[in-house]
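Trainee: So the protein lines, in turn, are chains D and B. Just so you know, the first sequence maps onto residues 1 to 213 in full-length UniProt numbering. Just so you know, the second sequence maps onto residues 1 to 210 in full-length UniProt numbering. Before I ask anything, let me first share the structure, which is written out below as structure tokens.
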Amino acid sequence: MAPGSRGRWSFFLLAVLGLVHVGRSRALTTTISHQECVFEEVGYDGDLVTGSFVVIDHGLAWADEPGVELVVTSPTGTKVISITANEGQKFEFRAHQSGLYKFCFNNPGPTPETISFHIHVGHIPGIADLAKDEHLKPVNVKIAQLREALAAVSSEQIYLKARDHRHRLTNESTNRRLVAYTVGEYVCLVGVSIGQVYLIRKLFDKRLGYNRV
Amino acid sequence: MDGMGRLRWCVAVMGLLLVWGSGAQAVQFEVSSRTTKCIAEEIQSHVVVVGDYKIVHSDEAHKVTVKVTSPYGNQLHYQENVQSGQFAFTTSESGNFMACFWILNAPPTAVINVALDWKTGVAAKDWASIAKKDKLDGMELELRKLEEAVDSIHSEMLYLREREAEMRDLNELTNSRVAWFGIMSLLVCLGVAGWQLWHLKTFFERKKLL
């Protein structure tokens, strides 16, 4: 292989195996009874971990929700972030160690809640990586920054989508409740008025009976 | 390439593999033997979904059962008592696709860590074969991926806009229903009151009280 193409080959290999997760437009939904924990691997220290979670359905008939608490624990067991949110929230933190981070969602309320969450770990090669690795050029850093910017847009979109899902469920529930309660109201009204007429008739029949006697 | 150069090149590539390979991310969660853990995602139709699951950090030979279902209840993938596996499908309807994991026949205190790598759309594409087919350079491949990402962001935006339009229609329907049902409520009330009066009047006239 000629020396020039050797550089191209290793570049090609490392890009192919780079497993770049760009535009990873996904939010996962899961139902929590008391606690659900998810683990996410952070490859390098200094990586920026961003994400969001939205409470989609809280299983209660009224709007007074207890909310969901997110607790993030680092690989050494220290608590990194703790957030309580009623409807949902975005979060971000810079990881100081690499390793497996634990994201725990706690549900303090009585009913199971369904949440939709998204976690993204972003890595941009720094100057130290550039110096260490001869195949990494400044253009790679720029591409990585562009990739992370796109991931931020995608992340915002995922949050919007989850909130839209929640609003849609509320609206459909409102519509269903409206129809059901109105029909129930009419049935009750008609039933109660027939009952009233019947009782009044019975009252007067008895009175007449007494008068005759 | 001479022997030393080749060795150095191999070491460099291996080093890079380790560095870049750890950029892969999978969601890990615990499955205990009493409960079923389900992870769902809302996906549009005609999207490629690729999933890869395996049990991590397991000393004993625990096995897990997997089931992947479509929004209409069709079973897309089912494996009983396996330690790892993968599935791939193209969605034919849009909605909530769910992957459920549970343990059969295990002691009640067993807890298993399952790592699920769930990729949809852009991330699910086989970039290795695309790079080979189109003979793409490393940087060109990255830029192609970015281009696909921008396309997917755009189509998600359009999808969000459609959903918002549907929700707006639903809201306007609810609003007009509130008005109509309010008026009908009033009419039903007046009608029923009128009937009561008429019925009792004829009743009392019949009983010669009026």
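Glycine included, C-beta positions come from ideal geometry on N, C-alpha and C.
Let me confirm a value: Ile113 (chain D) is counted as buried when at least 16 other C-beta atoms fall within 10 Å, else exposed. Which label applies?
Mentor: Looking up residue 113 (chain D) in the first sequence gives position 113. According to the sequence displayed, residue 113 (chain D) carries Glu and not Ile. Classification for Glu113 (chain D): buried.
Trainee: Grab me the residues of Gln79 (chain B)'s own chain with a C-beta within less than 6 Å of its C-beta, minus the 5 sequence neighbours each way, in chain order.
Mentor: Taking the second sequence and counting its residues from 1, one reaches residue 79 (chain B) at position 79. Excluding residues within five positions, the ones whose Cβ falls inside 6 Å are Val66 and Gly85.
Trainee: Determine, using beta carbons only, whether Leu189 (chain D) comes closer than 8 Å to chain B.
Mentor: Here residue 189 (chain D) refers to the residue found at position 189 of the first sequence. By this cut-off, Leu189 (chain D) is an interface position.
Trainee: Taking 8 Å as the CB-CB cut-off, is residue 214 (chain B) touching chain D?
Mentor: Because chain B spans 1 through 210 in this model, residue 214 (chain B) falls outside it and cannot be assessed.
Trainee: Please list the residues of the segment 44-74 of chain D that have a C-beta atom closer than 9 Å to any C-beta atom in chain B, keeping them in chain order.
Mentor: Of all residues in the segment 44-74 of chain D, Tyr44 have a Cβ within less than 9 Å of some Cβ in chain B.
Trainee: Could you confirm whether any beta carbon from chain B is found closer than 8 Å to the beta carbon of Val141 (chain D)?
Mentor: Counting from one through the first sequence, the residue named residue 141 (chain D) turns up at place 141. It does not; no Cβ of chain B falls within 8 Å.
Trainee: Does DSSP classify Ser138 (chain B) as helix, strand or coil?
Mentor: Numbered from 1 along the second sequence, position 138 holds the residue referred to as residue 138 (chain B). This sequence places Gly at residue 138 (chain B); Ser is not what is there. Here Gly138 (chain B) sits in helix by DSSP.
Trainee: Classify Glu172 (chain B): buried if its beta carbon has 16 or more other beta carbons within 10 angstroms, exposed otherwise.
Mentor: The sequence position of residue 172 (chain B) within the second sequence is 172, counting from 1. Exposed, since its Cβ has fewer than 16 Cβ neighbours within 10 Å.
Trainee: Report, in whole angstroms, the separation of the C-beta atoms of His118 (chain D) and Ser155 (chain D), which I expect to be a contact under 8 Å.
Mentor: As a first step, residue 118 (chain D) must be located in the first sequence, where it is residue number 118. As a first step, residue 155 (chain D) must be located in the first sequence, where it is residue number 155. Indeed they touch by this definition, with Cβ atoms about 6 Å apart.
Trainee: Is DSSP giving His167 (chain D) helix, strand or coil here?
Mentor: Here residue 167 (chain D) refers to the residue found at position 167 when the first sequence is read from its first residue. Three-state result, His167 (chain D): helix.
Trainee: Express the C-alpha separation of Gly95 (chain B) and Tyr159 (chain B) in angstroms, rounding to a whole number.
Mentor: The sequence position of residue 159 (chain B) within the second sequence is 159, counting from 1. The sequence position of residue 95 (chain B) within the second sequence is 95, counting from 1. In a straight line, the C-alpha of Tyr159 (chain B) is about 13 Å away from that of Gly95 (chain B).
Trainee: Look at the Cβ atom of Ser52 (chain D), then the Cβ atom of Gln89 (chain D), and state whether they are nearer than 8 Å.
Mentor: What you label residue 52 (chain D) is simply residue 52 of the first sequence in a count that begins at 1. What you label residue 89 (chain D) is simply residue 89 of the first sequence in a count that begins at 1. A contact, by the Cβ cut-off of 8 Å.
Trainee: Going by the beta-carbon positions, is the gap between Cys104 (chain D) and Val71 (chain D) smaller than 8 Å?
Mentor: Here residue 104 (chain D) refers to the residue found at position 104 of the first sequence. Here residue 71 (chain D) refers to the residue found at position 71 of the first sequence. Taking 8 Å as the Cβ cut-off, Cys104 (chain D) and Val71 (chain D) qualify as a contacting pair.
Trainee: Give me the subset of the segment 167-196 of chain D whose CB atoms are less than 8 Å from a CB atom of chain B, sorted by chain position.
Mentor: Within the segment 167-196 of chain D, the residues whose Cβ lies closer than 8 Å to some Cβ of chain B are His167, Arg168, Asn171, Glu172, Thr174, Asn175, Leu178, Val179, Thr182, Glu185, Tyr186, Leu189, Val190, Ser193 and Gln196, listed in chain order.
Trainee: With 8 Å as the threshold, decide whether the Cβ of Asn105 (chain B) is near any Cβ in chain D.
Mentor: By 1-based counting over the second sequence, the position of residue 105 (chain B) is 105. For Asn105 (chain B), the answer is no, since every Cβ of chain D falls outside 8 Å of its Cβ.
Trainee: Using a Cβ-Cβ cut-off of 8 Å, state whether Phe91 (chain D) counts as contacting chain B.
Mentor: As a first step, residue 91 (chain D) must be located in the first sequence, where it is residue number 91. Cβ-Cβ to chain B under 8 Å: no for Phe91 (chain D).
Trainee: Ignore the nearest five residues each way along the sequence and tell me which others in His77 (chain B)'s own chain have a CB closer than 6 Å to its CB.
Mentor: Your numbering for residue 77 (chain B) matches position 77 in the second sequence. Val68 and Phe87, listed in sequence order.
Trainee: Is Ala40 (chain B) buried or exposed, if buried means 16 or more other CB atoms sit within 10 Å of its CB?
Mentor: Numbered from 1 along the second sequence, position 40 holds the residue referred to as residue 40 (chain B). So Ala40 (chain B) counts as buried.
Trainee: Taking the alpha-carbon positions, what's the Gly191 (chain D) to Gly109 (chain D) distance?
Mentor: Taking the first residue of the first sequence as 1, we reach residue 191 (chain D) at position 191. Taking the first residue of the first sequence as 1, we reach residue 109 (chain D) at position 109. Their Cα atoms are separated by approximately 39 Å.
Trainee: So, does the CB of Ile157 (chain D) fall closer than 8 Å to a CB anywhere in chain B?
Mentor: The sequence position of residue 157 (chain D) within the first sequence is 157, counting from 1. Residue identity check: residue 157 (chain D) is Gln in the sequence provided, not Ile. Yes, because at least one Cβ of chain B sits closer than 8 Å to the Cβ of Gln157 (chain D).
Trainee: As a quick exercise: from B:Val188, B:Val49, B:Asp134 and B:Thr35, pick the residue whose alpha carbon is nearest that of Phe89 (chain B).
Mentor: As a working mapping, residue 89 (chain B) is identified with position 89 in the second sequence. Checking every option, the nearest Cα to that of Phe89 (chain B) belongs to B:Val49.
Trainee: Could you give the residue range of the alpha helix (DSSP H) that holds Asp45 (chain D)?
Mentor: Against the first sequence, residue 45 (chain D) aligns to sequence position 45. No alpha helix (DSSP H) holds Asp45 (chain D); DSSP gives it neither H nor E.
Trainee: Skipping 5 residues on each side, what residues in its chain have a beta carbon closer than 8 Å to that of Ile158 (chain D)?
Mentor: Position 158 of the first sequence, counted from the first residue, corresponds to residue 158 (chain D). Answer for Ile158 (chain D): Ser25, Arg26, Ala27, Ser52 and His118, listed in chain order.
Trainee: Taking C-beta to C-beta, are Pro71 (chain B) and Phe97 (chain B) nearer than 8 Å?
Mentor: Reading the second sequence from its first residue, position 71 is the one you call residue 71 (chain B). Reading the second sequence from its first residue, position 97 is the one you call residue 97 (chain B). Cβ distance < 8 Å, so Pro71 (chain B) and Phe97 (chain B) count as in contact.
Trainee: Sort B:His62, B:Ser32, B:Val114 and B:Met167 by Cα distance to Pro108 (chain B) and report the nearest one.
Mentor: For the purposes of this step, residue 108 (chain B) is identified with residue 108 of the second sequence, where counting begins at 1. When only C-alpha atoms are compared, the closest one is B:Ser32.
Trainee: Let me see if you follow: with CB-CB separation under 8 Å, is His165 (chain D) close to chain B or not?
Mentor: Here residue 165 (chain D) corresponds to residue number 165 of the first sequence, with the count starting at 1. Yes, because at least one Cβ of chain B sits closer than 8 Å to the Cβ of His165 (chain D).
Trainee: Taking Cβ to Cβ, would you say Val55 (chain D) is nearer than 8 Å to Glu87 (chain D)?
Mentor: The count along the first sequence starts at 1 and reaches residue 55 (chain D) at position 55. The count along the first sequence starts at 1 and reaches residue 87 (chain D) at position 87. Yes, the pair counts as a contact, with Cβ atoms nearer than the cut-off.
Trainee: Can you pull the DSSP bridge partners for Tyr101 (chain D)?
Mentor: Counting from 1 along the first sequence, the entry for residue 101 (chain D) is found at position 101. In DSSP, Tyr101 (chain D) forms a bridge with D:Glu40.
Trainee: Rounded to a whole number of angstroms, what is the C-alpha to C-alpha distance between Ser155 (chain B) and Glu162 (chain B)?
Mentor: What you label residue 155 (chain B) is simply residue 155 of the second sequence in a count that begins at 1. What you label residue 162 (chain B) is simply residue 162 of the second sequence in a count that begins at 1. Each residue's alpha carbon lies about 11 Å from the other.
Trainee: Below 8 Å on the Cβ atoms is my contact criterion, and I expect Val153 (chain D) with Asp47 (chain D) to pass it. Report the Cβ-Cβ distance as a whole number of Å.
Mentor: Along the first sequence, one-based indexing puts residue 153 (chain D) at 153. Along the first sequence, one-based indexing puts residue 47 (chain D) at 47. Not really, about 19 Å apart at Cβ, beyond 8 Å.
Trainee: Would you report the Cα separation of Val114 (chain B) and Tyr53 (chain B), rounded to the nearest angstrom?
Mentor: In the second sequence, counting from the first residue as 1, residue 114 (chain B) sits at position 114. In the second sequence, counting from the first residue as 1, residue 53 (chain B) sits at position 53. Val114 (chain B) and Tyr53 (chain B): Cα-Cα distance of roughly 7 Å.
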